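Please read the structure below before turning to the comments.
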DNA sequence: GATAGGACTTCCCGTAACTGGAGGGTCAAG
DNA sequence: CTTGACCCTCCAGTTACGGGAAGTCCTATC
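Residue numbers (my numbering), protein chains in the order written: chain B, 291 to 421; chain P, 291 to 421.
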């Protein structure tokens with residue numbers, strides 16, 4: 291399979307697939323013409339990485355997950371630990387965004403948003419005590 | 291004021307302040323010794339940027355907000371538009387994270403996390419249809 | 001067989017917003 | 001005069017790719 295077909299089948303851009311090879315996530319064979327020759331296992335690995343990435347796992351986490359995926363005898367606890375760690379990070383990120391959202395939303399609500407120059411948003415950002 | 295004092299007063303690392311100068315967010319004067327000499331206005335600008343960044347505004351959004359901050363006659367509507375746009379992006383990001391969280395949480399819940407090798411998380415990522 | 005077009009290759013630069021570190025000048029105290 | 005804290009500039013690295021150039025290869029058509 292050439293890279294183009296792998297790209298359409300996995301939904302990953304060819305550029306990304308080449309990058310994943312460069313950093314060692316896949317090791318496709320090479321044809322006599324220098325083209326990458328992907329087999330079924332490569333396809334699975336790439337799809338696996340694609341799904342993990344879409345769940346927000348970093349590349350290094352994907353690498354760890356792939357290693358566990360390759361190891362038929364790993365304990366599921368190892369996998370669960372990684373996933374739970376990532377879940378905690380997602381929760382932390384959501385909490386952070388919600389806090390930002392709350393503050394910003396207050397400022398936006400307080401701002402008339404008309405032609406007058408007075409603006410509570412800028413005042414809030416400038417550190418002026420709000421009345 | 292030297293950069294160290296500005297750093298403690300704004301809470302921004304000195305490195306970050308130099309970076310903000312490099313990209314033109316502040317233009318502190320220079321002393322005869324080559325040291326940056328910040329005045330009160332520089333301090334306010336940096337604190338302003340610090341707060342805007344902590345609300346998740348990008349540097350370019352901060353630049354736009356600063357320009358509006360400098361323009362005593364701008365309409366508050368201009369500011370509000372930027373803030374609302376950013377608010378929408380925060381909401382989108384939160385929604386994305388929640389979707390990721392939901393999927394990942396299902397996988398984590400399904401995984402026993404013990405010493406056995408069977409792992410629904412890896413199965414889910416590999417694209418296997420879940421039973 | 002010539003040619004046109006896709007598809008493939010490598011290589012290098014750019015992104016956002018910094019952070020770390022090297023190597024070196026400056027200032028105040030003792 | 002030396003020590004240590006502070007300041008300076010410049011370079012490299014971070015994450016996870018994307019854009020684009022320059023060149024090779026494959027396939028179809030004339």
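For each residue, glycine too, the CB sits at the ideal point set by N, CA and C.
These figures come from a predicted structure and were not determined experimentally.
Interface residues of chain B facing residue i [CB-CB closer than 9 angstroms]
| i | result |
| --- | --- |
| residue 407/P | 361, 362, 363, 364, 365 and 366 |
| residue 355/P | 411, 412 and 415 |
Exposure label - residue i; buried when at least 16 CB within 10 Å
| i | result |
| --- | --- |
| residue 404/P | exposed |
| residue 348/B | exposed |
| residue 273/P | Only positions 291 to 421 of chain P appear in the structure, and residue 273/P is not among them; the question remains open. |
| residue 332/B | buried |
| residue 305/P | exposed |
| residue 421/P | Bear in mind that the predicted position of residue 421/P carries a pLDDT of just 48, short of 50, making it too unreliable to give a figure here. |
| residue 341/P | buried |
| residue 299/P | exposed |
| residue 318/P | buried |
| residue 415/P | buried |
| residue 346/B | buried |
| residue 399/P | exposed |
| residue 391/P | buried |
| residue 419/B | exposed |
| residue 371/P | exposed |
| residue 324/P | exposed |
Chain-ordered neighbours of residue i on chain P, where CB pairs are closer than 7 angstroms
| i | result |
| --- | --- |
| residue 250/B | Residue 250/B lies beyond the residue range present for chain B, which begins at 291 and ends at 421; the question has no answer from this structure. |
| residue 398/B | 370, 373, 374 and 377 |
| residue 345/B | 390, 393 and 394 |
| residue 411/B | 369, 370 and 373 |
| residue 337/B | 417 |
Interface partners of residue i on chain P, CB under 8 angstroms
| i | result |
| --- | --- |
| residue 325/B | Residues of chain P passing the Cβ test: none, with the nearest at roughly 25 angstroms. |
| residue 450/B | This structure gives no information on residue 450/B, because the portion of chain B shown stretches from 291 to 421. |
| residue 391/B | 377, 380, 381 and 384 |
| residue 334/B | 416 and 417 |
CB of residue i within 8 angstroms of CB of residue j, strictly
| i | j | result |
| --- | --- | --- |
| residue 407/P | residue 363/B | yes |
| residue 382/B | residue 397/P | no |
| residue 335/B | residue 356/B | yes |
| residue 310/P | residue 339/P | yes |
| residue 293/P | residue 307/P | yes |
| residue 394/P | residue 377/B | yes |
| residue 352/B | residue 366/P | no |
| residue 291/B | residue 327/B | yes |
| residue 417/B | residue 337/P | yes |
| residue 358/P | residue 369/P | yes |
| residue 384/P | residue 384/B | yes |
Any non-hydrogen atom of the ligand ATP closer than 7 angstroms to residue i Cβ
| i | result |
| --- | --- |
| residue 418/B | Looking at this structure, you won't find the ligand ATP or any other ligand, since it has none at all. |
Per-residue contacts from residue i into chain B (C-beta, under 8 angstroms)
| i | result |
| --- | --- |
| residue 404/P | 365, 366 and 367 |
| residue 395/P | 377 |
Contact set between residue i and chain B, taken where Cβ atoms lie within less than 7 angstroms
| i | result |
| --- | --- |
| residue 342/P | 415 |
| residue 358/P | 412 |
Counting only runs that start and end within the stretch 318–394 of chain P, where is the alpha helix (DSSP H) found for 4 or more residues in a row? With a minimum length of 4 residues, the continuous alpha helix (DSSP H) runs that stay inside the stretch 318–394 of chain P are 330–344 and 349–360.
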